[in-house]
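Residue 41 in the numbering used here sits at position 41 of the sequence shown, with consecutive numbering throughout.
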Amino acid sequence: MAGILDSVDQRTQLVGENRLEILMFRLFGRQLFAINVFKVQEVLQLPKLTLMPHRHPFVCGVVNLRGQTLPVIDLSQAIGMRPLVPNENSTIIVTEYNRSVQAFLVGGVDRIVNLNWEAIMPPPGSAGREHYLTAISKVDDQLVEIIDVEKVLAEIVPYNAKVSKDKLEDPVLERARGREVLLVDDSKVALAQLRDTLSQLGLIIHTASDGLKGLTMLRKWADEGKSMTDKLLMVFTDAEMPEMDGYRLTTEIRNDPRLRELYVVLHTSLSGSFNESMVKKVGCDNFLSKFQPDKLVDVVRECILR
């Protein structure tokens with residue numbers, strides 16, 4: 001699907017516009033699901049599938065794609081629905097998350113839609129497959145469920161939040177103990193990883209599940225007369241979130257005289273080469289791919305020493 005690749009090439013046009021492009025697909029029946037186009041490398045017919053002994057129940061097998069061996073994950077089974085049966089007509093979506101590439105087996109791809117983040121809402125509850133959603137939206141009056149791929153992947157390969165001993169023994173990090181940080185992310189898995197890692201430094205942690213909630217918290221503290229750089233050591237924000245994305249959140253922080261000196265880190269599963277250029281555009285102080293505990297501590301150290 002060349003249209004997907006063309007869309008990815010044009011991704012920079014969406015940055016700071018609080019917009020998201022999603023790739024919609026089906027698993028079973030008429031229900032539409034979606035993931036962020038930015039994380040899609042390609043969509044193709046399932047190549048020859050090789051089964052592996054002792055594989056995770058959600059992994060159908062592996063495929064060889066231009067010399068790269070990729071796991072094929074049954075996305076339907078991974079979110080609690082009945083398994084898909086792979087065959088020569090099956091479709092896979094090849095994605096990159098957190099510096100790893102994998103393929104998701106789906107029932108069929110629908111199309112790409114460009115949405116405003118304000119039209120994307122948090123899931124209504126925590127029961128059933130909603131546990132695996134980060135957001136919902138409507139396209140042509142049909143409900144679209146946006147999948148928390150980070151949660152799916154973390155259940156197959158659990159994340160590591162442990163900081164290495166030599167990092168924790170750095171005397172500079174003593175200056176972080178007792179300081180406060182704000183974590184903004186719509187993925188419960190990503191928030192848990194951040195919390196688990198940063199708590200090892202003795203930091204006091206506040207969380208928000210989207211950019212608008214994060215901005216509301218910051219403005220509330222500022223309205224109370226608090227010096228924000230005294231209040232918070234730093235802010236970590238995901239890029240893609242319902243209602244307000246991390247790029248717009250950073251822009252709003254930089255446009256508010258009471259907030260603009262805050263140290264803001266873009267903490268995301270999107271590809272590094274893309275985000276490093278976008279960090280400069282919206283005014284973040286640093287960028288970090290998710291699920292790297294030692295590098296997360298390095299970023300805290302950089303903030304302390306700035």
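All C-beta atoms, glycine included, are put in the ideal place defined by N, C-alpha and C.
DSSP places P171 in the helix class (H, G or I) of the three-state scheme. Taking one beta carbon from each stretch, the segment 201-213 and the segment 168-184 have 3 or more pairs nearer than 8 Å; the two touch.
In the three-state DSSP reduction, P71 falls in the strand class (E or B). If only uninterrupted alpha helix (DSSP H) runs of at least 4 residues are considered, those enclosed by the segment 75-146 are 75-78. I93 is not a Cβ neighbour of V163, given a cutoff of 8 Å. Assignment of beta-bridge partners to H54 by DSSP yields no partner.
The shortest C-alpha to C-alpha distance from G61 to any of V152, V264, L105, L32 is the one to L105. Bridge pairing for S289: T268 [DSSP].
Contact between D245 and N18 holds, since their C-beta atoms are separated by about 6 Å, short of 8 Å. For the pair F33 and E150, the CB atoms are not nearer than the 8 Å cut-off.
With a threshold of 16 other beta carbon atoms within 10 Å, E88 falls short and is exposed. R248 is classed as buried because its beta carbon has at least 16 other beta carbons within 10 Å across all chains shown.
Fully contained in the segment 173-232 are the following alpha helix (DSSP H) runs of length 4 or more, in chain order: 188-198, 211-223, 228-231.
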